[in-house]
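Student:
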Amino acid sequence: MAKASAQPVDAATELTNRQKRRKEIVKLMKRNYQLYLFLLPTVVFIAVFMYFPLYGLQIAFKDFRPGLGIWGSEWVGLKWFERFFGSPNAVQIISNTLIVSIYSLVVSFPFPIILALIINYVKNLKFKKFAQTVTYMPYFISVVVLVAMMNLFFSPSSGFVNTIIEAAGGQAQYFMGESRFFRHMYVWSGVWQSMGYSSIIYIAALSGVSPELHESARIDGANVMQRILHIDIPTIMPTMVILLIMALGNVMNVGYEKVLLMQSDLNQDVSQVISTYVYEIGIKTGQQSFGTAVGLFNNVINFIILIAANTTAKKVFGSGLW
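Using the working numbering, read the sequence shown as starting at -6 and increasing by one per residue.
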């Protein structure tokens, strides 16, 4: 009887606590309404441009006809997914996407960390600011300008890179056209462009390291490398984990603008990725349902990888996105 009577009491107490928490939250929101007003445009932006378009995902399961609209179009189920996986180039497109994405992730992720650690140990403040400015300026170069620069620098007839190769006794190479160079050109140009900007968050994290820790390590005879390994790296590890999870969540997303600008008939066997394939079939040929199905598959894979990466990070490092 005592146990039976204790349950309603506990339920009533829990209900009362919930009501109290709600009242406290409402009071807090009223007290800080200015902050929520500042947050409102962001919420509206995300709702309109991130969540509302999800309504259109249903055309991946329909034979979409613009005249009939989304609701009026015929439901075809998994037809477009079966068509994509049954096509002879599906494996090649998926493998191209994975190779470029993983290659880019493996190469580009450590460089901002290394750059941030180097800049952090620069003693001359003027040179430190100059180095930061020079390294993150390429980030603001548009993709079109970047690819145009690459075409000029690596031109087989007038590019200075091939001029140096020929002066050294080598043979000029068609870097921007041949398949064997495409992935390297795409990845390393991306590293050069984004390395400095991506290092800013690590520099900010390193600024929070207590100087007393470094002073104690110096007194104990630790050199720079030992201080990096035992003080700096552990301090920025949570930041590294969060950024790695976010990078893994976008591992299947290869920017189609840059790929399209670098793409040619000579390198299409390695440059055709999911994003460019969706652009071609969805925009150029007007097969919206087919393109949406392929894009949905790509995002579902990203979502699964994100969940797996976050779960693994929480088990291994004790921290994650949520």
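Idealized CB from N, CA, C, for every residue including glycine.
May I ask you to verify whether the region 279 to 289 touches the region 262 to 271, counting CB pairs closer than 8 Å and requiring at least 3?
Tutor: The region 279 to 289 vs the region 262 to 271: in contact.
Student: What is the rounded straight-line gap between the Cα of Gly162 and the Cα of Tyr44?
Tutor: Whole-angstrom Cα-Cα distance: 57 Å.
Student: Let me make sure I understand the geometry here. Which of Asp262, Met142, Asn25, Phe31 has the alpha-carbon closest to that of Pro81?
Tutor: Here the closest residue by C-alpha is Asp262.
Student: Does DSSP put Trp68 in a helix, in a strand, or in coil?
Tutor: Note: Trp68 maps to strand in three-state DSSP.
Student: Does the structure place the region 204 to 223 close enough to the region 115 to 125 that three or more beta carbon pairs sit under 8 Å?
Tutor: No, because fewer than three Cβ pairs between the region 115 to 125 and the region 204 to 223 fall closer than 8 Å, the two stretches do not touch.
Student: CA-CA distance, Gln61 and Phe283?
Tutor: The amino acid occupying residue 61 in the given sequence is Leu; Gln does not appear at that position. In a straight line, the C-alpha of Leu61 is about 17 Å away from that of Phe283.
Student: Please report the straight-line C-alpha distance between Pro231 and Ile224, rounded to a whole angstrom.
Tutor: The alpha-carbon atoms of Pro231 and Ile224 are separated by roughly 13 Å.
Student: Just checking my contact of Ile92 with Arg176 at CB under 8 Å: how many whole Å lie between their CB atoms?
Tutor: That pair is a contact at about 7 Å.
Student: In or out: Thr35 buried (at least 16 other Cβ within 10 Å) or exposed?
Tutor: Exposed, because fewer than 16 other Cβ atoms sit within 10 Å of the Cβ of Thr35.
Student: Skipping 5 residues on each side, what residues in its chain have a beta carbon closer than 8 Å to that of Ala165?
Tutor: If we look at Ala165 and ignore the five residues flanking it on each side, its Cβ neighbours are Pro149, Ser150, Asn155, Ile158, Glu159.
Student: Return the residue from the list Asn260, Gln219, Val266, Ile106 that minimises the CA-CA distance to Leu236.
Tutor: Ranking the options by Cα distance to Leu236, first place goes to Ile106.
Student: Give me the residue from Tyr132, Glu7, Gly189 with the minimum Cα distance to Pro103.
Tutor: Out of Tyr132, Glu7, Gly189, Gly189 has the C-alpha closest to the C-alpha of Pro103.
Student: What is the residue span of the alpha helix (DSSP H) that Lys308 lies within?
Tutor: Residues 281 to 309.
Student: Starting from Lys343, trace the beta strand (DSSP E) in both directions and tell me its first and last residue.
Tutor: In this structure the chain extends from -6 to 315, so residue 343 is not present and cannot be described.
Student: May I have the straight-line CA-CA distance separating Ser265 from Glu250, to the nearest angstrom?
Tutor: Before going further, note that residue 265 is Gln rather than Ser in the sequence given. Answer to the nearest angstrom: the Cα atoms are 12 Å apart.
Student: Scan the region 50 to 106 and note each continuous beta strand (DSSP E) run of 3 residues or more that stays entirely inside, going in chain order.
Tutor: Complete beta strand (DSSP E) runs here, min 3: 55 to 58, 66 to 68.
Student: If we count the other Cβ atoms within 10 Å of its Cβ and call it buried at 16 or more, is Val293 buried or exposed?
Tutor: Val293 comes out exposed.
Student: Rounded to whole angstroms, what's the CA-CA distance from Ala(-3) to Thr6? Just pull it up for me.
Tutor: For Ala(-3), the predicted model reports a pLDDT of 48, less than 50, meaning its position is unreliable and no value from the coordinates is stated.
Student: Within 10 angstroms of the Cβ of Met142, are there 16 or more other Cβ atoms? Answer buried if so, exposed if not.
Tutor: Label assigned to Met142: exposed.
Student: What did DSSP end up calling Val154 once you bin it into helix, strand or coil?
Tutor: Helix, per DSSP.
Student: Can the beta-carbon of Ile221 be found less than 8 Å from the beta-carbon of Leu108?
Tutor: For Ile221 and Leu108, no; Cβs fall outside 8 Å.
Student: Leaving out the 5 sequence neighbours to the left and right, which residues in its chain are closer than 8 Å to Glu171 when beta-carbon positions are compared?
Tutor: Result list for Glu171: Leu259, Asn260, in chain order.
Student: Output yes or no for whether 8 Å exceeds the beta carbon distance between Leu199 and Ile229.
Tutor: The answer is yes: Cβ separation under 8 Å.
Student: Which value, in whole angstroms, describes the spacing of the CA atoms of Ala124 and Asn113?
Tutor: Going by the C-alpha atoms only, they are around 11 Å apart.
Student: Skipping 5 residues on each side, what residues in its chain have a beta carbon closer than 8 Å to that of Asn295?
Tutor: Once the five neighbours on either side are set aside, the close Cβ partners of Asn295 are Gly242, Asn243, Val244, Met245, Asn246.
Student: Which term fits Asn303, buried or exposed, when burial requires 16 or more other beta carbons within 10 angstroms of its beta carbon?
Tutor: Buried: at least 16 other Cβ atoms inside 10 Å.
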